[in-house]
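Chains as they are written, first to last, in the working numbering: chain D, 14 to 464; chain F, 1278 to 1765; chain E, 39 to 163.
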């Protein structure tokens, strides 16, 4: 008996014999020429390991990493280290949520279905939009799906995307659009680091997409997006941050057609970048063209409130090649985790997360500027992330390497001298003070400023 | 237990809970209205409730009790491979050394992660018979799309812009045509023959110089092994096309045969099926995609590479790949799902994986024989890891349909099988007991199916009104779709 | 048992067409509505477009089936029966009263090639 298989080989042979079958004939249907003969494969152990051995091997690998809870990290750029309340792991670790499948059989999955319904409700309340789906793979694929939705709705084949969108998302959109034979135009930011005044004109655009806060952390004015999109008969799309929406106007409030983004900041662990959980919400008129699963409320035979997967005629298992998307499942468990995060924090807690992140980012930004060693790249208000530039040139790669020796993971070097730094409520004043002092010392002592 | 769970928005609210979870802010909060300007800021507070911790816990704990998981009992949902999800794998994925690493950390600080992914790639290459894997795709359908995009990129790189046709059997998963359509392919459907296998004559007629490739599941969605697979892949290759293997049913063939040896050029795997990572009520899963050497240049970016130095090896992420299709999502992939996959494969090794497929097929065949006399069995070819029976007989004689049988199975404490799929079989029930089903689970399922067949004859209303002991019974899907209520 | 009315013409894809001068109404047959089951949504986003016979003018959905709707002859789509937006079940109640679109007929001679009720019934069943 191997691994987790509960029936022994002897018993298996016995069971098969009892119905007139033989264990050794099970795979007779596989032609000999493709049966595995070479029994040794590099990279794959012949024998399985015990649980103890697995735990030892995996722990050894994990220990080779440097962790953001042991190092002082300033990385963001799409994934953020927010605090994960203890309750979340306890609930999503329950096997009823963890091990179940997509809720096809409503009677056996009311828990998952109601959780999805609540996720959709929270997403609508946060984004100010009418309809949310049950989640998609991540923020990047959410942006791609949002723009494909715009193309379906408008029957046009070109979209415009601001360069303020996370470059990983832009790359993903390009991949999807190239495959679909559709066109993506990427518009450069203005010199203040926003999309203001950069929108194109022409009635052949299906959608305009900006990110807010954008890749440089700057809050964009979505009103101009809505106006420009309307003028050009395109749909307005915003890739937004859910935590920031506790402080800032929502996309729906200013008339945006589609909101999308990454919900990882809602207490989902970093996990080296995945799994992630994307959200996608839109105005009512787009409901039947949305991709992905959607849960709805209805009643059962006795009139009791019940939840089901609905609007399924949009989907691949019914429409096949004419479906709104090939998406077959969602990120239910992570959507549930994010929903629990919102339930635990409530409006007051979420606002506090947002305000502390913003306050600390502003604090760190000012401290760095005060050293005289950095200048702001853009002079626009930012949320939890900002870009600064070495005033006297030099190499941030060298600085980041030096910082590592001091158990600090510095910001993301966007070029030799432009540094993107993110902080959340997890960061303490002391850590930031120490960081700024360390950075100043390193720059002054070491040969980081270059020639 | 309470049958109706209020929505979280209907619970009585507590007061301000600003600092229940977070400590007080240790820097001075600036005047935000001044910093941002009034008109960017929200005017009213968010409309989401403030609740206490115990309210939230009770709410979701009670909801979870209305779900059925693999640890509750048999879950023979065909094509979904609802096997046991090992607990130690969850613990491993949650090790702080994995969990608290950021995707943009310098490579020298994440050598453990990169080594794990590199080793996992070697394992998957061995198991599937491929040369390289990408971990970017986040699910099976996402893997299909990625694979199809690579097929398109391959033909484009060869200047073969007219190859616009993807061949797909009529029994295929709906995601196959949907994925191909997202990459602008025209779908040409291949018929199944009376045995439930690809009709080779029909295939031959549909191959021409417009064909970009074929998408095939083997064993197919009817649970039958396409024994002519070498001929099929040979025909496609001879016509200049590539062959895509939908790995949804890979549990049936683990270490018995390999897609690479069958002639496939690109495969995706559903690790949440084959390698026992939890389905999570729909996700997160992962859909790593493997390719033969000819497609390596087109794999998404980045790839993991090993560099052998004199003293030790280091692992890097390779980004400079000019022919790559690009990215299909942000960062590297669903890393923590990969950790669970790796731990799963370690637990079995080559010999153990061969026993996984043996147990999966044996359980399926045994269960089929145990229920064969009670239901119509549409195909006589030997079933692999799953099989199809139908309610055709019950429908004709007693007006009882597949959905009634599925719902009645719930009364017996079992999750129903996949129903009404594949679309080419009327009243289909697709049953997959998996390799981790217990003896009592198999016998119990067989007894339940047989008992229900008798009930269909004696008391059809018992089936039509099922299930009888759940919090709800047969929600009105028509009402849900006609007047959608999608939020509170 | 599905009803077949001989006051109008049919196509194999199960649409009916009823002419009135140079305009016509188009719907789906009683047989089609029975096959689909409870209809939950109908749309025709082609209003204002000139379409050829066989082109898609809209779609109809039940809970688990979605089907495209095809032009029975060439014509310009003049109007969508907006009552169906709120009450798609009207098609289930009377498929021949619940027209889906009104069209301007481009070429009346195409009508001659369509199926009459008897021929359509043979094909449908």
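The beta carbon of each residue, even a glycine, is placed where N, CA and C say it ideally should be.
Taking contact to mean 3 or more Cβ pairs, one atom from each stretch, closer than 8 Å, check whether the segment 323–330 of chain D and the segment 98–106 of chain E are in contact.
Result yes; three or more Cβ-Cβ pairs closer than 8 Å.
Unbroken alpha helix (DSSP H) run spanning residue 1446 (chain F), endpoints:
Counting along the chain, residue 1446 (chain F) falls outside any alpha helix (DSSP H), though it belongs to the beta strand (DSSP E) covering 1442–1446.
Does chain D have any CB closer than 7 Å to the CB of residue 99 (chain E)?
A Cβ of chain D is located within less than 7 Å of the beta carbon of residue 99 (chain E).
For residue 250 (chain D), report the span of its beta strand (DSSP E) as first-last.
248–253 is the extent of the beta strand (DSSP E) around residue 250 (chain D).
Straight-line CA distance for residue 1354 (chain F) to residue 424 (chain D)?
One C-alpha to the other measures close to 47 Å.
DSSP beta-bridge partners for residue 224 (chain D)?
The partner list for residue 224 (chain D) (beta bridge, DSSP) reads D:252.
Residue 330 (chain D) versus residue 340 (chain D) - alpha carbon distance
CA-CA distance, residue 330 (chain D) to residue 340 (chain D), rounds to 10 Å.
On a Cα-Cα basis, can you pick out the residue from D:110, D:132 and D:76 that is closest to residue 1377 (chain F)?
Answer by Cα proximity: D:76.
Ignore the nearest five residues each way along the sequence and tell me which others in residue 69 (chain E)'s own chain have a CB closer than 6 Å to its CB.
Residues 40 and 162 of the same chain have their beta carbon placed closer than 6 Å to that of residue 69 (chain E), with the five preceding and five following residues left out of the count.
Between the segment 1518–1529 of chain F and the segment 69–86 of chain D, do at least 3 Cβ pairs fall closer than 8 Å?
In this structure the segment 1518–1529 of chain F does not lie against the segment 69–86 of chain D, because fewer than three pairs of beta carbons, one per stretch, are closer than 8 Å.
Contact between the segment 269–279 of chain D and the segment 1363–1372 of chain F (3+ Cβ pairs under 8 Å)
Two segments are said to touch when three or more pairs of C-beta atoms, one from each, lie closer than 8 Å; by this definition the segment 269–279 of chain D does not touch the segment 1363–1372 of chain F.
Taking residue 1297 (chain F) as the reference, give the member of D:224, D:350, D:361 and D:201 with the closest Cα.
If we check each option's Cα against that of residue 1297 (chain F), D:361 comes out closest.
Which residues, taken in chain order from the segment 78–111 of chain E, show a beta carbon closer than 8 Å to some beta carbon of chain D?
Listed by position, the residues of the segment 78–111 of chain E near chain D (Cβ gap below 8 Å) are 78, 79, 81, 99, 100, 101, 102, 103, 104 and 106.
Cα-Cα separation between residue 1504 (chain F) and residue 1492 (chain F), rounded to whole angstroms
Going by the C-alpha atoms only, they are around 16 Å apart.
Residues of chain E with a CB under 9 Å from the CB of residue 301 (chain D): which are they?
Within 9 Å Cβ-Cβ: 79, 81 and 99.
From D:365, D:285 and D:383, residue whose alpha carbon lies closest to that of residue 1609 (chain F)
Residue D:285 is the option with its Cα nearest to residue 1609 (chain F).
Going by Cα to Cα distance, which pick from D:134, D:212 and D:87 is closest to residue 1287 (chain F)?
In terms of CA proximity to residue 1287 (chain F), D:134 leads the group D:134, D:212 and D:87.
Express the C-alpha separation of residue 322 (chain D) and residue 1226 (chain F) in angstroms, rounding to a whole number.
Past the edges of chain F, shown from 1278 to 1765, lies residue 1226 (chain F), and the structure says nothing about it.
Would you say residue 1324 (chain F) reaches chain D, if we count a Cβ-Cβ gap shorter than 7 Å as a contact?
At least one chain D Cβ lies under 7 Å of residue 1324 (chain F).
Flag residue 1526 (chain F) as yes if its beta-carbon sits less than 7 Å from any beta-carbon of chain D, otherwise no.
Closer than 7 Å to the CB of residue 1526 (chain F) there is not a single CB belonging to chain D.
Contacts around residue 436 (chain D), its chain only, beta-carbon distance under 6 Å, and the 5 residues preceding and following it disregarded:
Cβ neighbours of residue 436 (chain D) beyond the five flanking positions: 373, 374 and 377.
Identity of the residues DSSP links to residue 1583 (chain F) by a beta bridge
For residue 1583 (chain F), which the question treats as bridged, DSSP gives the partners F:1592.
Can you round the beta-carbon distance between residue 1568 (chain F) and residue 1543 (chain F) to whole angstroms, since I take them to be within the 8 Å contact cut?
That belief holds up - the Cβ atoms of residue 1568 (chain F) and residue 1543 (chain F) are roughly 5 Å apart, short of 8 Å.
Helix, strand or coil for residue 85 (chain E) per DSSP?
If DSSP states are grouped into helix, strand and coil, residue 85 (chain E) belongs with coil.
Contacting positions in the segment 328–359 of chain D - beta carbon closer than 8 Å to chain E
If the cut-off is 8 Å between Cβ atoms, the segment 328–359 of chain D has 331, 332 and 335 near chain E.
Mind listing the chain E neighbours of residue 326 (chain D)? Cutoff is C-beta to C-beta under 8 Å, in chain order.
For residue 326 (chain D), the residues of chain E that pass the 8 Å Cβ criterion are 78, 79, 99, 100, 101, 102, 103 and 104, in the order they occur in the chain.
Taking all protein chains shown into account, decide if residue 135 (chain E) is buried (16 or more other Cβ within 10 angstroms of its Cβ) or exposed.
Under the 10 Å beta carbon count, residue 135 (chain E) is surrounded by fewer than 16 other beta carbons and is classified as exposed.
List the residues that DSSP assigns as beta-bridge partners of residue 106 (chain E).
Residue 106 (chain E) is bridged to E:97.
List, in order along the chain, the chain E residues whose C-beta lies closer than 8 Å to that of residue 1335 (chain F)?
Correct list: empty, because the minimum Cβ distance to chain E is about 33 Å.
Could you list which residues in chain E have their beta carbon closer than 7 Å to that of residue 1637 (chain F), in chain order?
Here the premise fails: no neighbours, minimum Cβ distance about 29 Å.
With burial defined as no fewer than 16 other Cβ atoms inside 10 Å of the residue's Cβ, what is the status of residue 359 (chain D): buried or exposed?
A buried status is given to residue 359 (chain D), since no fewer than 16 other beta-carbon atoms sit within 10 Å of its beta-carbon.
Taking beta-carbon pairs under 9 Å, can you tell me which members of the segment 1457–1491 of chain F lie near chain E?
Listed in sequence order: no entries.
When DSSP builds the beta bridges, which residues end up paired with residue 1653 (chain F)?
Answer is F:1667, bridged to residue 1653 (chain F).
If you follow the beta strand (DSSP E) that residue 1492 (chain F) is in, where does it begin and where does it stop?
Annotation: the continuous beta strand (DSSP E) that includes residue 1492 (chain F) extends over 1488–1494.
Among D:398, D:386, D:427 and D:410, the one whose alpha carbon lies nearest that of residue 457 (chain D)
The shortest C-alpha to C-alpha distance from residue 457 (chain D) to any of D:398, D:386, D:427 and D:410 is the one to D:386.
Return helix, strand or coil for residue 262 (chain D), following the three-state DSSP convention.
If DSSP states are grouped into helix, strand and coil, residue 262 (chain D) belongs with coil.
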